[in-house]
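Data first, discussion second: the structure below is written as structure tokens.
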């Protein structure tokens with residue numbers, strides 16, 4: 039069973055702090071408006087009205103003059119409240135810009151400003167109509183009037199500030215939606231761009247013509263090897279020509295393509311290239327994005343072994359440990375000199391991994407010992 | 039010129055050296071192939087030993103490419119006052135072919151076209167066997183130097199700026215593309231390299247890094263900080279003459295000290 043106080047406590051706990059402030063502001067205004075209708079309050083309000091009237095009667099004899107003076111005062115008070123409100127707003131933004139957690143919230147600052155504005159405005163308007171400070175604070179009824187104005191100010195301030203907070207909150211929500219939308223567009227654009235990059239033929243004419251020159255020679259000197267090399271070239275072209283490529287692939291198929299490419303390179307480079315491939319049988323059927331392995335191998339040849347007069351070794355290894363598939367291409371070549379540009383290949387792989395798997399996949403480059411580079415693609419399974 | 043004409047073949051692909059040797063043997067049986075080289079540096083040293091009349095140079099070779107080898111060989115030829123004919127061999131080099139055309143420099147394409155090769159052989163025969171005047175020789179070497187400079191500019195656009203950060207992480211050395219770095223922060227003796235998802239320490243100081251980084255992409259914003267311009271999310275004026283810089287995708291705020299706030303003055 040829930041008791042009444044605990045029910046209210048739960049109710050207030052569920053309320054947001056600015057809802058509580060809004061409630062408090064509305065209550066203050068309601069009390070001020072309804073005060074004359076309560077038994078004790080009626081008397082008090084009548085007294086108040088009478089005393090205020092008396093105070094005015096002493097300075098303004100006619101009714102219309104009193105009315106205009108009251109308006110005059112109200113106008114001044116409203117003006118001062120507006121100025122303090124805007125100043126507080128401006129000051130708050132200036133003072134807290136960039137800070138993650140401002141010590142005062144905007145709402146609190148505005149509330150304090152409006153209350154202060156109501157108080158100061160009343161005092162100023164009093165001064166303008168020719169009263170001294172002594173008179174205002176020493177005389178009970180005048181002081182009461184000032185407090186009344188301040189209370190109204192706090193009420194109005196609370197309501198205005200809360201409504202403003204709601205509005206800016208709605209605006210921020212709109213901005214967030216717009217931001218999310220633009221992030222989505224950005225992502226779509228990236229997906230398209232990376233798809234486009236993948237579509238562009240990556241076959242270097244240099245590679246193609248050199249391979250054909252080798253095949254041409256082999257047809258005369260070693261026909262069986264010429265035929266085998268042509269077969270490898272066909273396998274490579276099927277993978278590398280975008281029109282012939284399939285959207286998804288498996289690790290086994292990618293390694294087969296890579297081996298075809300390496301077979302061609304072995305013909306071209308002769309003893310300068312040694313290859314070793316380790317692919318555990320069960321891993322062959324794991325899905326793997328197309329062309330990535332080939333790009334890593336092309337890089338290993340182009341930047342690693344090609345510049346090395348004695349060539350070297352390329353080791354392809356696939357392993358699955360703790361749900362993480364690691365596919366690495368290690369070369370014993372030149373290694374990356376600090377001033378060599380990264381090339382579009384690796385950037386392209388990074389972007390594609392990010393669009394396909396998000397944070398669940400990455401490409402990492404490490405130095406191979408004693409020389410060369412190890413490039414590893416890791417995909418969480 | 040008297041005696042047998044000699045030649046040198048340089049190509050990093052053994053089968054293609056072999057193929058050129060066979061083609062030349064067929065098209066020009068009297069030509070003596072003195073040696074063949076698997077890279078540019080070897081070609082230059084073999085040129086020195088054998089002093090051939092003709093050098094066939096592949097453009098893409100390890101250690102020293104065909105263009106640099108040609109430069110070295112023509113310099114050697116000039117110093118020994120011994121004329122040399124340089125013929126470039128290439129599978130596909132758009133820029134090179136354009137430059138060769140402009141400079142009227144000999145080249146042959148792989149795979150070897152028998153007709154095209156025999157035209158080249160005829161030209162070479164004419165020049166080596168009837169002798170070449172010194173003036174013509176000097177002219178071609180100037181054209182050669184010009185073409186080589188042009189092609190090398192096109193072939194090696196890689197900047198001299200730092201492209202990779204090598205950082206030890208445990209036992210391994212990670213290679214980090216320079217564009218992945220958000221910012222560098224001096225950390226006592228070391229420099230902290232801040233990346234999207236991690237931070238690594240390197241020994242290079244901020245001062246050393248400044249001389250090696252591309253000044254258009256990396257700005258010093260503080261005595262102890264260099265920022266990748268790509269990683270700047272926004273800058274707001276801070277207290278005194280400083281400014282606060284927000285880093286893309288990160289919570290921290292970097293201080294731009296007074297000396298560097300001019301970088302962010304409005305355009």
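Protein chains in written order, with this note's numbering: chain A, 39 to 419; chain B, 39 to 305. Glycine included, C-beta positions come from ideal geometry on N, C-alpha and C.
Sequence-distant residues of its chain with Cβ nearer than 6 Å to residue i (five each side left out)
i, result
"residue 368/A", "353, 406 and 412"
"residue 107/B", "78, 81, 82 and 95"
"residue 198/A", "none"
"residue 42/B", "70"
"residue 63/A", "193, 196 and 197"
"residue 212/B", "205"
"residue 184/A", "160"
"residue 296/A", "331, 332 and 335"
"residue 232/B", "220 and 221"
"residue 365/A", "356 and 415"
"residue 130/A", "144 and 147"
"residue 19/B", "No information on residue 19/B is available, as it lies outside the stretch 39 to 305 that chain B covers here."
"residue 351/A", "312 and 370"
Residue i versus the options, residue with shortest Cα-Cα distance
i, options, result
"residue 227/A", "410/A, 66/A, 257/A and 390/A", "390/A"
"residue 80/B", "194/A, 357/A and 346/A", "346/A"
"residue 281/B", "239/B, 50/B, 299/B and 237/B", "299/B"
"residue 126/A", "109/A, 112/A, 144/A and 111/A", "144/A"
"residue 339/A", "99/B, 105/B, 62/B and 289/B", "99/B"
"residue 222/B", "138/B, 269/B, 283/B and 264/B", "264/B"
"residue 72/B", "191/B, 56/B, 86/B and 90/B", "90/B"
"residue 68/A", "152/A, 130/A and 189/A", "189/A"
"residue 302/B", "238/B, 270/B and 134/B", "270/B"
"residue 419/A", "321/A, 247/A, 222/A and 206/A", "321/A"
"residue 166/A", "131/A, 212/A, 263/A and 108/A", "108/A"
"residue 401/A", "409/A, 408/A and 388/A", "388/A"
"residue 120/B", "105/B, 218/B, 86/B and 202/B", "86/B"
Proximal residues to residue i (C-beta, below 7 Å), its chain only, five neighbours per side dropped
i, result
"residue 54/B", "148"
"residue 138/A", "Because the pLDDT at residue 138/A is just 49, under 50, the model does not fix this residue reliably, and the point stays unresolved."
"residue 173/B", "With a pLDDT of 43 at residue 173/B, under the threshold of 50, the modelled position of this residue cannot be trusted, and the question is left open."
"residue 242/B", "229"
"residue 164/A", "174"
Chain A contact residues for residue i, given Cβ-Cβ distances below 7 Å
i, result
"residue 190/B", "Simply none; closest approach about 15 Å."
"residue 134/B", "Neighbours of residue 134/B on chain A: none; closest Cβ ~11 Å, over 7 Å."
Interface partners of residue i on chain B, CB under 8 Å
i, result
"residue 254/A", "57, 149 and 150"
"residue 244/A", "98, 129, 130 and 131"
Cut-off 8 Å between Cβ atoms - residues of its own chain near residue i, not counting five sequence neighbours on either side
i, result
"residue 349/A", "307, 309, 310, 311, 312, 343 and 371"
"residue 125/B", "92, 93, 94, 95, 144, 145, 146, 158 and 162"
"residue 158/A", "118 and 122"
"residue 267/A", "249, 252, 253, 256, 301, 302 and 305"
"residue 58/B", "47, 49, 94, 127 and 150"
"residue 207/B", "238"
"residue 153/A", "188, 191, 192 and 195"
"residue 362/A", "416, 417, 418 and 419"
Classification of residue i by the beta-carbon crowding that lies within 10 angstroms, buried from 16 upward
i, result
"residue 254/B", "exposed"
"residue 360/A", "exposed"
"residue 179/B", "buried"
"residue 204/A", "exposed"
"residue 1/A", "Since the first residue of chain A shown is 39 and the last is 419, residue 1/A is not available in this structure."
"residue 191/A", "buried"
"residue 227/B", "exposed"
"residue 217/A", "exposed"
"residue 171/B", "Any answer about residue 171/B is weak, because its pLDDT of 48 lies below 50 and its placement is not dependable; what the coordinates show is given next. So residue 171/B ends up on the exposed side."
"residue 164/B", "exposed"
"residue 44/A", "exposed"
"residue 225/A", "exposed"
"residue 111/A", "buried"
"residue 341/A", "buried"
Within chain A, partners of residue i - CB distance below 8 Å
i, result
"residue 210/B", "404 and 405"
"residue 266/B", "Chain A residues near residue 266/B: none, gap ~14 Å exceeds 8 Å."
Contact set between residue i and chain A, taken where Cβ atoms lie within less than 9 Å
i, result
"residue 52/B", "306, 307, 308, 309 and 310"
"residue 155/B", "Here the premise fails: no neighbours, minimum Cβ distance about 12 Å."
"residue 77/B", "347"
Chain-ordered chain B contacts of residue i [CB-CB under 9 Å]
i, result
"residue 369/A", "Result: empty, since nearest Cβ-Cβ is about 13 Å, beyond 9 Å."
"residue 411/A", "213"
"residue 346/A", "100 and 101"
Contacts that residue i makes with chain B (C-beta to C-beta distance below 7 Å)
i, result
"residue 250/A", "149"
"residue 247/A", "129, 130, 148 and 149"
- Three or more C-beta pairs below 8 Å linking the segment 254-264 of chain B and the segment 286-302 of chain B: Short answer: they touch.
- Message: Below 8 Å, how does it come out for the segment 391-410 of chain A and the segment 64-74 of chain B: are there three or more Cβ pairs, yes or no?
- Response: The segment 391-410 of chain A makes no contact with the segment 64-74 of chain B: fewer than 3 CB pairs, one atom from each, lie closer than 8 Å.
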